[in-house]
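Structure record follows, encoded as structure tokens.
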Amino acid sequence: IQAKRHFVIGAQLLAQARSSKSKSSASSLAKQAEAEADKAISFDYKDAAAHILKALALDLQGFKTSALESFDLALSIPAVKTLTEKEKGDALFKRAEVKMSMNRRAGRVDSAIDDLTEAVKIQDDNVKALCLLGECYEVKKMRDEAKTAYESALKIEPSWTDAQAALDRLVS
1 IQAKRHFVIG AQLLAQARSS KSKSSASSLA KQAEAEADKA ISFDYKDAAA
51 HILKALALDL QGFKTSALES FDLALSIPAV KTLTEKEKGD ALFKRAEVKM
101 SMNRRAGRVD SAIDDLTEAV KIQDDNVKAL CLLGECYEVK KMRDEAKTAY
151 ESALKIEPSW TDAQAALDRL VS
């Protein structure tokens, strides 16, 4: 019960941080959210949601490597067993997003492709995952795969401008 209480407080702080107009306020709120996530983890280490909350708070503060470590903990056994399939797919997408924001080295891109491929298998209508998968394929110079990913995204969400712009860029 205490773990859930700290998780809820942390989630509220993270939401406030994301919507904050002030960078210093957002950073302070994200730091508080991280502290609440740590408290939740101390009560229930196996709860993936608390690790994901910590990862999101760290990412918002710009601590990409630490965020990645928290996502790794959330997506490893036994914690991953506490997630629904959709939650797991969302976490895989966010982890891939963090990997791609760190740098676009071949190893990171390959690892992001693995995460995104699994996320799309879990939830085949995840437009954001399909678009990021397309970006990864573009970085790897895999134009056909990128085109397929963007086309799949547009079948689900025809008005998705990022996918359309990427597809236009690939076919021109």
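Residue numbers (full-length UniProt numbering): 1 to 172. Positions of the beta carbon are idealized from the N, C-alpha and C atoms, including for glycine.
For residue i, the nearest candidate out of the options (CA to CA)
{"i": "I113", "options": "I122, D90, K140 and N126", "result": "K140"}
{"i": "E69", "options": "E85, A119, R95 and Y45", "result": "R95"}
{"i": "E97", "options": "S76, Q12, T84 and A119", "result": "A119"}
{"i": "R169", "options": "E138, S42, S159 and E157", "result": "E138"}
Helix, strand or coil at residue i according to DSSP, with G and I counted as helix
{"i": "G134", "result": "helix"}
{"i": "K155", "result": "helix"}
{"i": "S172", "result": "coil"}
{"i": "D124", "result": "coil"}
{"i": "I9", "result": "helix"}
{"i": "Y45", "result": "coil"}
{"i": "S27", "result": "helix"}
Residue i vs residue j beta-carbon contact at 9 Å
{"i": "L53", "j": "A37", "result": "yes"}
{"i": "A153", "j": "A165", "result": "no"}
{"i": "A129", "j": "L92", "result": "yes"}
{"i": "K88", "j": "I122", "result": "yes"}
{"i": "A50", "j": "G10", "result": "yes"}
Nearest-angstrom Cβ-Cβ length linking residue i and residue j, presumed shorter than 8 Å
{"i": "A74", "j": "A55", "result": "7 Å"}
{"i": "F7", "j": "A40", "result": "4 Å"}
- Task: Give, in chain order, every unbroken run of the alpha helix (DSSP H) that is at least 4 residues long and sits entirely within the segment 49-114.
- Result: 64-74 and 85-102
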